[in-house]
Amino acid sequence: MRSVRRDSVPAPRVLTDSKLSGHRERQRAEVKYDHLIASGQPASGFAFEFKAYKLAEVKEALYQLFHGKCAYCESRYAGTQPMDVEHWRPKGLVHEKGQPVMKPGYYWLAADWDNLYPACIDCNRAREQRIPGQPQPVLLGKANRFPLEDETKRWKDRLSQNNESSLLIDPCHDDPQEHLEFTTDGVVLPKKQSAVEASHKGAESIEVYALNRSELVWDRCEVARQIQQRMTAIRKLATLLDRSCAEIMDSTRLTLEDLLSHEMAALRRFQEPSQPFSMMAAQLIDEFIRDLTT
Ligand SMILES: [Zn+2]
């Protein structure tokens, strides 16, 4: 997960223009649900059919915003599967600890650009996942989950002030670097915030988005290995240049410097926004550069 500026891509007009379908759909949903709630039947069997959030224009904007990667796990869905357009605040129903805690969900945000993210199937849907070190598969994935620090403060009324505080990392509003840290084995951990405490938001996000499912850990581990291979080459080249400066021919030194520059560029590429697992790469590379320069 990496921090992304939502305003780096304009909101799709289909969601914001009052004459177009997304905006109109939102108005229709609000009228319908407001009526149900006012008449005391908010949990009736009615389910509004939301369509605007998955229009092609919305998917294209989400693709550009996250470079074809899942907003949560940073794997590149675009080459292997269709995008799930994910509602960060669930639109139809909110479930926590196996129980519904809000029905309908945040229906007024179903076509709200700020509430939409591109997600891979394994982060977005409730599926059985294998977790390293756990003998049995576990049901994980965001689905209708939206845990809060304090359930009593849930934002249940679209006309009231929002006082809720989410326990999930929002890549467009939080800095994931403050909550998650990666090992060189590809495992992600809640970031330590003191000697005894780690980020609650990090821990909850890892569980809800299934960020330690074994195949994902394996993919991150492979990228971490490639990064470490580059680092090994850079360390050796830097040592060679340091030691041999006075002894080697100018032409050889220029070649070594050229190789070092090439390896550094290749290493930096891993942390570009378009690359899978770029946040993990940035953490590993920043630590390496700190060690190299001290
Ligand atoms: Zn994902």
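The working numbering puts the first residue of the sequence shown at 352, with every later residue one more than the last.
Beta carbons: idealized from backbone N, C-alpha and C, even for Gly.
Sequence-distant residues of the same chain with beta carbon closer than 6 Å to residue i, five excluded per side
i, result
"Arg509", "Trp459"
"Glu437", "Tyr468, Ala470 and Asn475"
"Arg427", "Gly419, Lys420 and Pro627"
Neighbourhood of residue i by C-beta, 8 Å cutoff - its chain only, sequence neighbours within 5 removed
i, result
"Pro483", "Val538, Asn563, Ser565 and Val568"
"Asp536", "Val568, Cys572 and Ala575"
"Ser359", "Leu416"
"Leu490", "Ala477, Arg478, Glu479 and Gln480"
Among the options, nearest to residue i - alpha-carbon criterion
i, options, result
"Glu502", "Cys421, Asn514, Arg427 and Asp521", "Asn514"
"Lys402", "Gly396, Phe533 and Arg377", "Arg377"
"Cys572", "Ala632, Glu623 and His524", "Ala632"
"Gly492", "Ala477, Leu592 and Cys424", "Ala477"
"Arg379", "Gln579, Asp601 and Ala398", "Ala398"
"Glu500", "Glu447, Arg641, Glu638 and Pro486", "Glu447"
"Gln450", "Pro498, Ala389 and Leu413", "Pro498"
"Gln577", "Arg620, Ile388, Thr603 and Leu610", "Arg620"
"Phe639", "Leu406, Lys454, Arg581 and Met600", "Arg581"
"Ser511", "Ser625, Asn495 and Tyr457", "Tyr457"
"Leu413", "Cys523, Asp368 and Glu623", "Cys523"
"Val355", "Glu623, Asp637 and Thr645", "Glu623"
"Met352", "Asp609, Lys507 and Leu540", "Leu540"
"Arg357", "Asn466, Arg496 and Arg604", "Asn466"
Check: residue i C-beta below 7 Å from any heavy atom of ligand 3
i, result
"Asp473", "What this structure holds is ligand 1, not ligand 3."
Own chain partners of residue i with C-beta closer than 7 Å, once the 5 adjacent residues on each side are dropped
i, result
"Arg481", "Pro488, Arg564 and Ser565"
"Phe474", "Going by the sequence as given, residue 474 is Cys instead of Phe. Around Cys474: Cys421, Tyr423, Cys424, Gly492, Lys493, Tyr560 and Ala561."
"Lys542", "Glu529, His530, Leu531, Glu532, Ala549, Ser550 and Gly553"
"Asp521", "Trp439"
"Ala362", "Trp464"
"Gln544", "Ser550"
"Leu607", "Leu588, Leu591 and Leu592"
"Ser372", "Val365 and Ala403"
"Asp368", "His374"
"Gln579", "Thr535"
"Lys405", "Val436"
"Leu610", "Leu588"
"Lys507", "Met453"
Supposed close pair residue i, residue j - CB separation, criterion 8 Å
i, j, result
"Val365", "Glu408", "5 Å"
"Ala589", "Leu643", "7 Å"
"Asp435", "Ile472", "6 Å"
"Arg505", "Val547", "That pair is no contact at about 29 Å."
"Ser625", "His418", "4 Å"
Legend entry - Touching by the beta-carbon criterion (3+ pairs, under 8 Å), the stretch 436 to 445 and the stretch 456 to 463: The stretch 436 to 445 is in contact with the stretch 456 to 463.
Inset, instruction - For the stretch 606 to 626 and the stretch 584 to 595, state whether three or more C-beta atom pairs, one from each stretch, are separated by less than 8 Å. - result: Contact annotation: the stretch 606 to 626 touches the stretch 584 to 595, with at least three C-beta pairs closer than 8 Å.
Inset, instruction - Check whether the stretch 553 to 560 touches the stretch 516 to 527, taking contact to mean three or more Cβ pairs, one atom from each stretch, closer than 8 Å. - result: Because the criterion of three Cβ pairs below 8 Å is met, the stretch 553 to 560 and the stretch 516 to 527 touch.
Inset, instruction - Could you say if the stretch 424 to 435 and the stretch 381 to 397 meet the contact criterion of at least three C-beta pairs nearer than 8 Å? - result: Short answer: they don't touch.
Legend entry - Three or more C-beta pairs below 8 Å linking the stretch 620 to 636 and the stretch 521 to 534: Contact between the stretch 620 to 636 and the stretch 521 to 534 is present: three or more C-beta pairs spanning the two stretches fall below 8 Å.
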